[in-house]
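Undergrad: Residue numbers (this note's numbering): 1 to 519. Before anything else, here's the structure in question.
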């Protein structure tokens, strides 16, 4: 069957959108590719169609549960086996998912980039045949992008480690510098990077200067006049709550949406918005990315977007059906202070970086608990990960696979009943592991390193054994206390000079963020 026939069979479309066929052709030929399409330009089909045709699993890395949930629902309705692996899964759901993966029953698996710091996941990943490794929001790999995330820099190595047949990097916002970083990072040939135009004539863009005193009234007037589903974007979680309440007080059905809510609550709000029961959502920027709703008629920015790239991405969620849609920014100068504080607040002082480098230099090999390390030096977690990533990219530090410092398990059968299922060396091994666990009131707690040393086994074998028992519903297992192993390749001769160099890079990043805001 040719690609057009497969497109009709699996998705009901007669023709590809601009750029899609070229990307799919590249992947089907076994080459990696990049796709820079506007929001609503059909990026997801570039991996969904190959997933239906290739032998093996398509692994999709996405930063947002909202995108995963919506796309999985759409694929399931089309008869394509897809699932997501995230922290919301129950133990039973996790066991069922692992069984589907081990038996090759899934076409697509969606995960967050942080999942690759999960020891259990990395251990299992080696058992699956990864035909395609797709990275959404791939601009996050670049320091020159508007949403740099250190975890993305590890994805290229992760794709190699799992033996992926090909890689697809996708984004809606990539400057030439960012696209170069993407292609370099994922070893994509420049000719296999496909960029389409960004202009969408059905979107009406407006910018209305407002003061903080008249912004609420202006927003209420605009939302009342809007015809159809509407998103109001705000910067802060508390603003989302307040503005939703403001609109409800004015007779508009509106709900807030932000990362501070429980996952189940966010999911329910998303469902109500998609099927039209909630006409207006007041949200922070996470809402809307990847949501397959074509008939959004208005996108209002109550607060300024963080950058032109953010603005482009956020307004791109309107009018995907090709019908007219309004995108209006209520531009208030007061917002510049709030947005600037985000950039300034990420940059630690030089003394904090010096103390961090001094502590890191005390050992040639270390296992770091990042939350405690950052708290000791008053450095935010994402900034700490960025500093460690800089040291890796400069060839100074080598990172190992993150590991669990401890785990706890609750037997669902007696230890005798569990051990009676095994014989010989395997029985002796499990018995030794159980003997290393410390009995608490309900759970047994296990120090992974101490257990590995006592039993004379690798940590991987212990993790696999506990996971197997969990899949057999003999144990309930919870891993905890993630540790990040590092070793110095080139220890600093002059820690103060190294700290100053790192601090300058953080200050340069801050300046780039402020420049984007001023733009």
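Glycine included, C-beta positions come from ideal geometry on N, C-alpha and C. This structure is a prediction, so every number in the text was calculated from the model and none was measured.
#1: If distances are taken between C-alpha atoms only, which option among 462, 415, 421 comes closest to residue 439?
#2: Count the other CB atoms within 10 Å of the CB of residue 442; is the residue buried (16 or more) or exposed (fewer)?
#3: Going by DSSP in three states, residue 278 sits in which element: helix, strand or coil?
#4: Taking residue 296 as part of the beta strand (DSSP E), name the residues at either end of that continuous run.
#5: Which residue from 367, 343, 11 puts its Cα closest to that of residue 74?
#6: Below 8 Å CB to CB, which residues in the same chain sit around residue 53 once its five sequence neighbours on both sides are set aside?
#7: Nearest CA to the CA of residue 105: which residue from 72, 56, 389?
#8: Quick check: what's the CA-CA separation for residue 437 versus residue 455?
#9: Going by C-alpha distance, which of 323, 178, 169, 176 is nearest residue 188?
#10: Is residue 273 closer than 9 Å to residue 219 when the C-beta atoms are compared?
#11: Between 312, 123, 326, which has its C-alpha nearest residue 203's C-alpha?
#12: With distances taken between CB atoms, is the gap from residue 506 to residue 357 smaller than 9 Å?
#13: So is residue 140 buried or exposed if we call it buried at 16+ other beta carbons inside 10 Å?
#14: Would you mind sorting residue 20 into buried or exposed? The rule is 16 or more other CB atoms within 10 Å of its CB.
#15: Among 298, 164, 201, whose alpha-carbon lies nearest the alpha-carbon of residue 221?
#16: Taking only three categories from DSSP, how would you classify residue 447?
#17: Rounded C-beta distance between residue 413 and residue 474? I'm assuming under 8 Å.
#18: Straight-line CA distance for residue 95 to residue 101?
#19: Mapping the DSSP letters down to three states, classify residue 133 as helix, strand or coil.
#20: Tell me, which residues are paired with residue 404 by DSSP?
#21: In angstroms, rounded to a whole number, what distance separates the CA positions of residue 362 and residue 487?
#22: Does the region 475-486 come within contact of the region 420-427, defined as at least 3 CB pairs closer than 8 Å?
#23: Measuring alpha carbon to alpha carbon, tell me which residue in 232, 174, 122 is nearest residue 317.
TA: According to the data block:
#1: 415
#2: exposed
#3: coil
#4: 296-301
#5: 11
#6: 6, 28
#7: 56
#8: 12 Å
#9: 169
#10: no
#11: 326
#12: no
#13: buried
#14: buried
#15: 298
#16: strand
#17: 5 Å
#18: 10 Å
#19: strand
#20: 482
#21: 11 Å
#22: no
#23: 232
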